[in-house]
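Heads up, the sequence shown is in this note's numbering, so the first residue is 2 and it goes up one at a time. Glycine included, every Cβ here is placed at the ideal spot set by N, Cα and C.
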Amino acid sequence: MKNETQNNKKLDQLEAHSTSNENEKLTTNQGLKINNNQDSLKSGDRGPTLLEDFILREKITHFDHERIPERIVHARGSGAHGVFKLNKSLSAYTKAKFLSEVGKETPVFVRFSTVAGSKGSTDLARDVRGFAIKFYTEEGNYDLVANNMPVFFIQDAIKFPDLVHAVKPEPDNEIPQAASAHDTFWDFISLMPESMHMIMWLMSDRAIPRSLRMMEGFGVHSFKFINKEGKAHFVKFHFKPKLGVHSVAWDEAQRISGADPDFHKRDLWEAIEDGAYPEWDFGVQLIPEENEHQFDFDLLDPTKLIPEEEVPVEIIGTLTLNKNPENFFAETEQVAFHPGHLVPGIDFSNDPLLQGRLFSYTDTQLSRLGSPNFHEIPINRSINTVHNNQRDGHMRQQIAKGKVSYEPNSIGGGCPFQAMMSEGGFTSHQERVSGEKVRRRSQSFVDHYSQAKLFYNSQSLPEQTHLQKALVFELSKVTIPEIRERMVGQLNFIDHDLAKKVAGKLGVTVEKLEQPNHSIPADANISELQSEEREPKTKISRALSMKDTVKDTIKSRKIGFIIANGADGAAISNLKTKLESKGAKVELIAPSLAPVKTNEGSITPKHSLSSIASVCFDALYIGAGEKSAAELMAPENRHLALRFINEAYKHCKAIYFGSGTETLYNNSNIAAKQHEDPAVIVSKEGGSDEQFIKAVARHRVWDLEMERNM
Ligand code: HDD
C-alpha cells in the first residue's frame with residue numbers, strides 16, 4: 002500500500018526501518034549468504050545432524066523465540082496508520098500544539114481490539130472494543146487509550162485484576178474463550194452494583210459492531226486541558242464515525258464467528274486497501290474547572306458519562322485511517338500505548354481508575370515487550386528525537402555518544418538541558434490537594450443505577466429488545482441459580498420491566514422495588530441527603546441510541562450478488578456499476594467457483610455458496626434471470642441459496658430479487674411476510690435499483706425484526 006499521506010514524518014521514519022527481499026539473496030542474521038536452505042548438515046546422506054550446523058541452529062533458535070506474551074487484556078487487535086486533522090482551534094483551552102493550529106495534520110497509529118479473548122479469538126465476541134490512538138505530535142507522543150463505550154465496569158483500578166480474572170476463561174478448564182457468558186463473570190458482576198451502567202452498554206448492540214469503522218470512541222475519563230495561562234478545563238474525548246454507528250444481530254455475530262472469525266480485521270484492511278478510508282469526527286466536551294460540581298454525578302467517576310444534552314460535543318477535527326501496516330507484528334503487535342504519554346496542555350484528573358492505569362501500562366510492556374527500551378521499537382518512536390541520560394538495558398538501539406550520562410554535568414556542557422515551559426517543557430497542572438490518607442471511596446460515587454437507567458431508557462425499542470435478549474443469553478449460560486437471581490435483583494434496580502422480561506426466561510421471580518435513584522453531587526453533605534429523593538437531570542439522551550446515527554450512504558457496504566448460469570449479464574453489470582459508483586463493494590457468489598455463463602458472456606464469482614455465508618454481507622441481490630434462478634433452486638443448490646436469503650431476511654438486511662427469480666422468493670421465508678417491508682425489493686413488483694440502494698443505506702430494518710423472525 003502506497004504512502005498516500007504527504008509529509009507524514011512517522012511513515013518516513015518507519016520506512017527507514019523497513020526492508021525488502023526483492024532481488025536479494027538469502028542470508029543468515031550475520032549477513033552470510035546461504036547456499037542451501039533445504040537440508041541440514043549431516044554426517045552422510047542418512048546420518049545424524051551435526052551440532053556444527055550454525056545455520057540450522059540460528060534458524061531454529063530464532064523460530065523458538067519468535068512469540069512474545071500476548072497482551073493480558075486487549076490481546077486481539079487490528080491496527081492502521083492515519084492522520085488527525087484539526088479543523089477548529091482549541092488554543093483557548095489547551096496549549097497542545099496539535100490541538101491549536103487549524104489545518105495541522107498529525108500522524109497517528111490506531112489499534113482496535115477486543116478485550117477478553119486471546120490473540121486468536123473471534124472478532125465478533127460480545128465485548129468492549131479498544132480504540133487506542135497514538136498521536137505522533139511534534140511535542141512527543143500523545144496516547145488516547147480509549148474504548149468504544151464511554152464508561153467502565155469499575156470505579157477504582159484496584160478492582161481491575163478482579164474484573165479481568167472474572168471475565169477471562171475460567172482457570173480450571175480455560176473455558177469459555179472470548180465470552181462473558183459464564184459463571185465467574187456474572188458472579189463478580191452481580192456483586193458489583195457499580196458495573197451496572199457498563200453492563201447496559203455491554204449487553205447492548207454496541208458490543209457487536211458491524212465494523213470497527215462504525216464504532217464510536219470515548220476517552221472515558223475526565224481529563225484536563227491546560228491553556229497558556231494555566232487555566233484548566235475538564236475534557237471528555239469523543240470519536241464519531243462518519244459512517245454512523247452500526248451493529249450486527251447477536252445471532253449473526255455467532256454465525257460470523259464461524260464463517261469469518263477475522264471479519265472486523267478483514268473489513269478494516271479491505272476498506273483501507275480499497276481507498277474507502279475510515280473517518281471519525283473528533284470532538285470534546287469541555288467543562289470549566291470551577292463547574293466541576295454542577296452535575297448530579299461525580300466527574301471523576303468513570304462509570305458515568307456526561308449526557309450530550311448537558312454538555313454538547315464540540316467537533317474539532319477529523320481522524321482518517323489511510324494506510325495498512327506493512328507488518329502486523331512489527332507495528333500492530335509491538336505498539337505500546339499508555340494513558341500517561343502526554344503532551345503539554347493535557348493532564349490527568351484524579352479519577353481513581355485513571356490514576357491506577359498510569360502505573361499499569363508501562364509495567365505491562367516490560368513483560369510483554371521485554372525491555373525498558375520498548376520506546377525504541379520503530380512504531381513506538383516519537384517523531385522528535387529523544388535526548389536524555391537513560392542508558393543501556395536489553396536491546397538498546399540508540400548509540401549515545403560521549404562520556405556523559407548524568408545531569409548536572411559540565412563535561413557535556415550541561416546537555417541535554419531542561420526545557421522551560423515556553424520551550425515546550427511539560428509541567429503538571431498545579432492544583433491544591435489536601436486530605437487524610439484514606440483507603441475509601443468518595444460518597445459522590447454511590448449512585449450506580451441512574452445512568453444505567455438513562456442508557457436503557459434512551460434505547461429504541463429494537464435496541465432494548467436486543468439488550469434483554471443478550472442478558473437472557475448470557476445469564477442462561479450461568480450454571481449457579483443464585484448468581485442468576487442476584488443479577489435479576491440488580492436489573493430490578495435499573496428497570497422493573499427489564500428485570501421481569503429477563504427473569505421470565507430464566508425461571509426467576511422478581512419483586513417490584515422502589516427505585517433507589519439517589520444521585521448525589523460531589524460537594525453534597527451526605528448526612529443531610531440521606532433521606533432526600535433526587536432525580537437525575539437527564540432522563541433520555543438521544544445520543545445514546547444508535548438509531549439516529551444512520552447516514553444516507555452505502556459507502557463501503559458489502560453486497561453479495563447470488564448468480565448462476567443463465568443470469569442476466571446486463572442487469573448484473575448495470576446494478577454493480579451503480580452500487581460501486583456510490584462506493585459500495587459488490588462480490589459475486591455462485592454455486593461453484595467455475596465461471597458463470599450469462600446471456601452476454603461469462604463472469605467469475607469470488608465465492609461459492611458453500612464457502613461464504615450471508616452474514617458476511619450487508620445486503621443481497623438475487624441475480625436476474627429465470628435460468629439462473631432455476632439452477633439456484635436445483636436440489637444441490639437449493640438449501641444453500643435459500644439459507645442465504647432466509648438468513649439475510651432474519652437479520653433485517655435489504656434483499657433485491659431480480660426479474661425471473663420469483664421461484665426463490667416464493668420458496669423463501671419472505672413469502673410468508675405479513676406487511677410491507679421496505680427492504681425486500683422485488684423487480685416483478687416494480688422494485689427498482691434505487692429502492693434497493695435506499696434500503697442498503699438504511700443499514701437494517703430493525704423495526705421489522707419481530708415480523709421477520711416469525
Ligand atoms: Fe486498559 C490495554 C483501554 C482500564 C490496564 N486498555 C488497553 C487497551 C485499551 C485499553 C484500548 C489496548 C491498547 C492496545 O491496543 O495496545 N483500559 C482501557 C480503558 C480503560 C482501561 C478505556 C478504562 C477507562 N486498563 C484499565 C485499567 C487497567 C488497565 C484500570 C489497570 C489498572 N490496559 C491495561 C494493561 C493493558 C491495557 C494491562 C494490556 C496491554 C497493554 O496495556 O498494553 O496495562
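For residue i, the residue or residues it bridges with in DSSP
| i | result |
| --- | --- |
| H82 | F110 and K324 |
| Q399 | Partner(s): none; Q399 has no beta bridge. |
| F224 | V236 |
| E280 | T321 |
| A133 | R112 and V146 |
| P210 | S248 |
| T28 | K34 |
| E171 | I176 |
| F286 | Sequence inspection shows Gln at residue 286; the Phe mentioned does not correspond to that position. Per DSSP, K237. |
| T50 | K43 |
| G141 | T138 |
| L87 | G318 |
| F1 | Not covered by the structure: residue 1. The range shown for the chain is 2 to 711. |
| G104 | DSSP lists no partner for G104. |
| G218 | F240 |
Exposure label - residue i; buried when at least 16 CB within 10 Å
| i | result |
| --- | --- |
| Q398 | exposed |
| Q419 | exposed |
| D302 | buried |
| I694 | buried |
| V439 | exposed |
| Q531 | Since pLDDT at Q531 reaches only 41, below the 50 mark, its modelled position is unreliable, and no value is offered. |
| M707 | exposed |
| K3 | Low local confidence applies: a pLDDT of 40 at K3 is under 50, so the model's placement there is unreliable, and no value is given. |
| R392 | exposed |
| H700 | buried |
| V681 | buried |
| R211 | buried |
| A673 | exposed |
| Q1 | No answer is possible for residue 1: the residues shown for the chain start at 2 and end at 711. |
| M711 | exposed |
| D275 | exposed |
| D124 | buried |
| V697 | buried |
| R214 | buried |
| P517 | Note on P517: pLDDT 49, under 50, position unreliable in the model; no value is reported. |
Residue i, enclosing alpha helix (DSSP H) - first and last residue
| i | result |
| --- | --- |
| K60 | F55 to D65 |
| Q452 | S451 to S459 |
| T480 | Run containing T480: none; DSSP gives neither H nor E here. |
| L580 | G570 to S582 |
| G505 | H497 to L507 |
| R709 | E706 to R709 |
| D1 | There is simply no residue 1 to check, as the chain begins at 2 and stops at 711 in what is shown. |
| K1 | Because the chain here runs from 2 to 711, residue 1 falls outside it and cannot be looked at. |
| M422 | Neither: M422 is in no alpha helix (DSSP H) and is coded neither H nor E. |
| E663 | E663 to N668 |
| W202 | M197 to L203 |
| T185 | D184 to S191 |
Span of the beta strand (DSSP E) around residue i
| i | result |
| --- | --- |
| L589 | K586 to A591 |
| A655 | A655 to F658 |
| K43 | Careful: K43 lies outside any beta strand (DSSP E) and carries neither H nor E. |
| F562 | K559 to I563 |
| I682 | V681 to V683 |
Distance cut-off 7 Å: residue i Cβ against heavy atoms of ligand 3
| i | result |
| --- | --- |
| T115 | As presented, the structure is devoid of ligand 3, carrying ligand 1 as its sole ligands. |
- Message: List, from N- to C-terminal side, the alpha helix (DSSP H) runs of 4 residues or more that fit wholly inside the stretch 594-648.
- Response: 627-633
- Those runs of the beta strand (DSSP E) which lie wholly inside the stretch 294-378 and span at least 3 residues: 315-324
- Minimum length 4: unbroken alpha helix (DSSP H) runs contained in the stretch 235-277: 251-260 and 264-274
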